[in-house]
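Here the numbering used here is used: the first residue of the sequence shown is 33, the next is one more, and so on.
Note that beta-carbon positions come from the ideal geometry of N, C-alpha and C, so glycine has one too.
On a predicted model such as this, the values are computed, not experimentally measured, just so you know.
Report on the structure given below.
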Amino acid sequence: MLKKIYNLAFLLALVAGLTACGGNKPATEEPTEPATEEPTTPVTEEPATPAAEELVAETEIMLAATGDDMSAISFEPKEFTLTPYTAVKVNFVNQSSAAGMNHNAVFIPFDQAVADEIRAAGLTAGGPAFSPSDSRIMAQTKMLNPGETDAITFETPGPGKYYVICTYPGHKAMVAVMTIAE
Ligand SMILES: [Cu+2]
């Protein structure tokens with residue numbers, strides 16, 4: 033009789049242990065599911081925002097830097113006209129071939145004093161890029177070695193005239209005029 037009670041107690045303990053084990057399994061699975069779902073949602077949303085801000089060119093122009101000595105360097109064309117508030121892609125090419133004839137194209141206000149200040153900012157920035165940092169700059173290409181190309185896309189400003197300059201040291205003769213039509 034006493035042995036039967038021990039057996040029953042053992043059986044009950046076994047059943048209790050099994051249900052406890054069975055009860056643990058779903059408890060460990062449940063928290064993993066929301067944990068893996070939550071981080072994936074913001075990760076996929078984030079890259080969509082900068083992609084939407086990319087400027088799609090509505091028009092394109094070619095702009096070249098030419099000349100193989102300091103007396104010949106210039107932009108081609110020296111004058112061009114665009115429409116206001118339009119995304120323009122500028123395909124810039126350095127057609128010079130002599131070593132050291134490096135050029136960029138920096139779009140700035142139509143003001144000689146401002147042009148001088150931005151050339152000075154290019155010198156301050158230093159080589160080999162001589163890329164000026166100034167809030168009045170609308171857009172600028174990379175500094176190109178002979179034969180290299182660069183393309184930039186930016187929105188044209190309001191109607192008026194603007195300078196395009198090269199900020200490589202000594203290239204003050206390189207000036208083009210961008211006219212934005214009414
Ligand atoms: Cu130049």
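Under the 10 Å beta carbon count, residue 117 is surrounded by fewer than 16 other beta carbons and is classified as exposed. Proximity to ligand 1 was defined by a C-beta distance below 5 Å to any of its heavy atoms, and the residues meeting it, in sequence along the chain, are 135, 198, 200, 203 and 206.
The criterion of a C-beta distance shorter than 8 Å is not satisfied by residue 186 and residue 208.
Taking a contact as a CB-CB distance under 8 Å, the pair residue 147 and residue 140 counts as one, their CB atoms being some 6 Å apart. When the five nearest sequence neighbours on each side are left out, the beta carbons in the same chain lying within less than 7 Å of the beta carbon of residue 155 are those of 162 and 201, in order along the chain. At the C-beta level, residue 182 and residue 124 come within 8 Å of one another.
By the neighbour-count criterion, in which a residue is buried when 16 or more other Cβ atoms sit within 10 angstroms of its Cβ, residue 104 is exposed.
Judged by beta-carbon spacing, residue 127 lies within the 8 Å limit of residue 97, meaning their Cβ atoms are closer than that value. Judged by DSSP in its simplified three-state form, residue 118 adopts coil rather than helix or strand.
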